[in-house]
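First residue of the sequence shown? That's 4 in this note's numbering, and the numbers climb one at a time after it. See below for the structure under consideration.
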Amino acid sequence: MGLSLLLGTPVLLLFNWLVRVSSRLLLVLDMAGLAAAYCALRLRNAAAQSIFNKFEPLAQSHSRAVAKLETVVARTGTHIASRAYVFDESQRPKALV
Numbered sequence: 004m005g006l007s008l009l010l011g012t013p014v015l016l017l018f019n020w021l022v023r024v025s026s027r028l029l030l031v032l033d034m035a036g037l038a039a040a041y042c043a044l045r046l047r048n049a050a051a052q053s054i055f056n057k058f059e060p061l062a063q064s065h066s067r068a069v070a071k072l073e074t075v076v077a078r079t080g081t082h083i084a085s086r087a088y089v090f091d092e093s094q095r096p097k098a099l100v
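Rendered as structure tokens:
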């Protein structure tokens, strides 16, 4: 009994330390993996949209809508005329949905 306690205690303490250290490491790796997956998904969607969809500036086809949008957005202190685009959603490939 004394020998098993003498030899078993350091082994169990080592095992306990390994579990604590590795669980923190695994948590950090899991968070990094989730962040990388999220970024990859956002980049894939942005790349797929720019490849398969034709974006046109909203001011080309709907200048009155841009004027109305600018009055609404002006309340927030931003300017969106150069960043407002329109695209035909009906032309979107169904495989990317």
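Think of the CB as a built atom: it goes at the ideal place given N, C-alpha and C, for glycine as much as any other residue.
Evaluate residue i with the Cβ neighbour count: other Cβ atoms within 10 Å of its Cβ, from every protein chain shown; 16 or more gives buried, anything less gives exposed.
| i | result |
| --- | --- |
| Leu61 | buried |
Comparing C-alpha positions only, which one of the options sits nearest to residue i?
| i | options | result |
| --- | --- | --- |
| Gln63 | Leu10, Asn56 and Ala87 | Ala87 |
| Ala68 | Arg23, Val89 and Leu46 | Val89 |
Can you pull the DSSP bridge partners for residue i?
| i | result |
| --- | --- |
| Tyr88 | Pro60 |
Could you spell out where the alpha helix (DSSP H) holding residue i opens and where it closes?
| i | result |
| --- | --- |
| Thr74 | Ser66 to Val76 |
Looking only at its own chain, which residues have a Cβ that is under 8 Å from the Cβ of residue i, when we skip the five neighbours before and after it?
| i | result |
| --- | --- |
| Ser7 | none |
Within a Cβ cutoff of 7 Å, which residues of the same chain sit near residue i, ignoring the five residues on either side of it in sequence?
| i | result |
| --- | --- |
| Trp20 | none |
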